[in-house]
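Residue numbers (the numbering used here): 4 to 468.
In this text, a Cβ means the ideal position worked out from N, Cα and C, and glycines have one as well.
See structure below.
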């Protein structure tokens, strides 16, 4: 146990409380060029903001107060701390907690301070969050926070995801170059007549045409550009090139003794259905995603869906026509690159090399371990990286706090409606891996406990409330 990493000592707890107090009382943020106090000017519009980190503050105050700890109505236990009649869920703020033999907290590796950010006048909460993050970042660089810290917010995550997309754009040209090289190499059969390098390059061009067409149509219809759309070309190219392989593979499976027209008919008979099924599946999948309530996901799915639809159309029209021209060239015995030259027909079989290739491919796939964690979705120099590593190793690893939202809240004056809601809460508490009632934070339970003292006196009850 590393004592230097243990935040549960009196000096560090005092610093954490002072930092939280400074943020809620003294820190100023700049909104629309005007400097305002976060605690007194911005926070009051949202009650949760003024109560930010109350549980952590009460815990640190109680832990080092011998008089409070001696009170039988107070129990400092993990994960639930009892403070008079209130139960507080400590894992909201404390992580890397270790207990001694008496089940008492002796070690805390990480403290998670959470601030609820409201809107301010005509400024949205997102813009206020950006201003808050900038101000807090300056505060964390002062003696008020002499420990390693990380900041996370939806605005920072959005900014980092945009940076990720921006970093990706320069690799599009490299991706196309590698894709063309691999596709052309895969279409070389060892025979200068039956090889199809030109068709392979035009196949990549076909996918590019689909990407441009999808962007043109959707932008013309008024769809906005978001940074996530920059990922669309990579996915569309992968789907389009896969269709090219299917088309050319179906062609190679036909007998060379047949006429070009007959071979093309047989190739389309086999490849057309395969391409249509996979394209329709992709269109339906991303089409469902386009109805998402999250705008970024909806727009992203629309671009992919339309790109796949254009790719399917171009594959069966434009690329099929290119294959017909290649079929006639092959039947006439012309060179696959220098199409004006005739070549001797020959076939080079490399079965052993192919078997080795298949073996290595299967072996390589068997070694792959999927590990798509959030920290891999941001660039290497992202300030979020440290927080995401902490989240993966501590916050999410030790348990998540689920939030359930009830639309169209019932009438809580009706006892039957209250009972229905409490039954729902009980069902949620009884789900597998839930910690049960101890982890539930719901105002209705405390409300009912308070309400029972005024069963026959509604007027006095409402006056007290």
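{"Query": "Residue 263 versus residue 254: straight-line alpha-carbon distance, rounded", "Result": "10 Å"}
{"Query": "For residue 250 and residue 161, the rounded distance between their alpha carbons", "Result": "40 Å"}
{"Query": "Completely contained beta strand (DSSP E) runs for the stretch 221 to 282, where each covers 3 or more residues", "Result": "none"}
{"Query": "Cβ-heavy atom distance, residue 116 to the ligand SAH, below 8 Å", "Result": "Looking for the ligand SAH in the displayed structure turns up nothing, as the structure carries no ligands at all."}
{"Query": "Three-way DSSP call (helix, strand, coil) for residue 109 in this model", "Result": "strand"}
{"Query": "C-alpha gap between residue 59 and residue 439, whole angstroms", "Result": "22 Å"}
{"Query": "C-beta contact flag for residue 322 and residue 205 at 9 Å", "Result": "yes"}
{"Query": "Residues sharing a beta bridge with residue 40, DSSP", "Result": "31"}
{"Query": "Contacts around residue 315, its chain only, beta-carbon distance under 6 Å, and the 5 residues preceding and following it disregarded", "Result": "282"}
{"Query": "Enclosing alpha helix (DSSP H) for residue 89 [first to last residue]", "Result": "Run containing residue 89: none in the alpha helix (DSSP H); it sits in the beta strand (DSSP E), 89 to 92."}
{"Query": "Strand pairing of residue 78, partner residues [DSSP]", "Result": "85"}
{"Query": "Residue interval of the alpha helix (DSSP H) (run including residue 446)", "Result": "446 to 454"}
{"Query": "At least three beta-carbon pairs within less than 8 Å, the stretch 62 to 82 to the stretch 119 to 138", "Result": "no"}
{"Query": "Nearest-angstrom Cβ-Cβ length linking residue 485 and residue 123, presumed shorter than 8 Å", "Result": "Because the chain here runs from 4 to 468, residue 485 falls outside it and cannot be looked at."}
{"Query": "contact_flag[the stretch 261 to 278, the stretch 216 to 228] where n(CB pairs < 8 Å) is 3 or more", "Result": "no"}
{"Query": "CA nearest to the CA of residue 151, picked from 143, 157, 158", "Result": "143"}
{"Query": "Separation of residue 420 from residue 414, as counted between CA atoms", "Result": "6 Å"}
{"Query": "Option nearest residue 385 by Cα separation, candidates 99, 159, 19, 47", "Result": "159"}
{"Query": "Test item: CB-CB of residue 27 and residue 42 under 9 Å", "Result": "yes"}
{"Query": "Which of helix, strand or coil DSSP assigns to residue 349", "Result": "Confidence is the limiting factor: at residue 349 the pLDDT is only 44, short of 50, which leaves the residue's position unreliable, though a coordinate-based value still follows. Three-state DSSP puts residue 349 in coil, outside helix and strand."}
{"Query": "Residue-level contact to chain E via CB, residue 370, 9 Å cutoff", "Result": "The chain labelled as chain E is not found in the depicted structure, where only one protein chain is given."}
{"Query": "Inter-stretch contact (C-beta, 8 Å, three-pair minimum) for the stretch 267 to 276 and the stretch 178 to 191", "Result": "no"}
{"Query": "Backbone CA spacing between residue 428 and residue 154 [nearest angstrom]", "Result": "32 Å"}
{"Query": "Three-way DSSP call (helix, strand, coil) for residue 408 in this model", "Result": "coil"}
{"Query": "Buried/exposed call for residue 89, threshold 16 Cβ in 10 Å", "Result": "exposed"}
{"Query": "Span separating the alpha-carbon of residue 394 from that of residue 293", "Result": "30 Å"}
{"Query": "Expected contact under 8 Å - CB spacing of residue 126 and residue 34 to nearest Å", "Result": "5 Å"}
{"Query": "Residue 452 versus residue 446 - alpha carbon distance", "Result": "10 Å"}
{"Query": "Beta-carbon proximity list for residue 210, same chain, < 7 Å, skipping 5 on both sides", "Result": "239, 240, 243, 244, 314"}
{"Query": "Chain-order list of residues whose beta-carbon lies under 7 Å from that of residue 237 (same chain, five-residue window excluded)", "Result": "178"}
{"Query": "Exposure of residue 368, with buried meaning 16 or more beta-carbon neighbours within 10 Å", "Result": "exposed"}
{"Query": "Pairwise C-alpha distance: residue 234 and residue 317", "Result": "21 Å"}
{"Query": "Residue range of the alpha helix (DSSP H) that includes residue 305", "Result": "298 to 317"}
{"Query": "Counted within 10 angstroms of its Cβ, other Cβ atoms place residue 1 as buried (16 or more) or exposed", "Result": "Not covered by the structure: residue 1. The range shown for the chain is 4 to 468."}
{"Query": "Contacting residues, own chain, Cβ-Cβ under 8 Å from residue 502 (five flanking each side not counted)", "Result": "For residue 502 there is no data in the structure shown, the boundaries of the chain being 4 and 468."}
{"Query": "DSSP beta-bridge partners of residue 123", "Result": "126"}
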